[in-house]
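All remarks here apply to the structure that follows.
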Amino acid sequence: MHSIDGNRGVGQATDHLADLDTAVDGLLDDELSGLSDMEVVRALQQMETSLRKAAAVGHRLIVESVERALPGKFDTKSINDFLIQTLRLSPGDASGRVMAARKVGTWHTLGGEERPADLPSTAAAQ
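Below is the structure:
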């Protein structure tokens, strides 16, 4: 598995990811059986919203990986292979993530201009 040096984060991305990890660890440690029925429903809804937002960030990172030619830099043949090796995903999961990123991600031309998403309404909602 490839790893990334955590000290090279740009801007606040590294801090936000650390905060996310801490929040998830906190949820794993929380006693959920004490929640009321409505609190469970609200927690499920909020978790789903957060997961969808996280998927949108994942799409952006896939676009960055492709546009920076990271698969070649990490000696892999494709973005799918890069995700399989780097994230230890199954081929199906990697393919699904790449397909989603291709449809809703903000890709760029060689000149740096943004290309419209294949699914602009879905991209805007994310």
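If you read the sequence shown in my numbering, its first letter stands for residue 1242, the second for the next number, and so on.
Built from N, CA and C at the ideal position, the CB exists for glycine as well.
Item                                                                                                                   : Value
Alpha-carbon to alpha-carbon, S1291 and H1257                                                                          : 14 Å
Neighbourhood of A1341 by C-beta distance below 8 Å, restricted to the same chain and skipping five residues each side : A1296 and H1300
One or two residues paired with H1349 in a DSSP bridge                                                                 : E1355
Within 9 Å, strictly: CB atoms of V1298 and N1321                                                                      : no
Where the alpha helix (DSSP H) containing T1327 begins and where it ends                                               : I1320 to L1328
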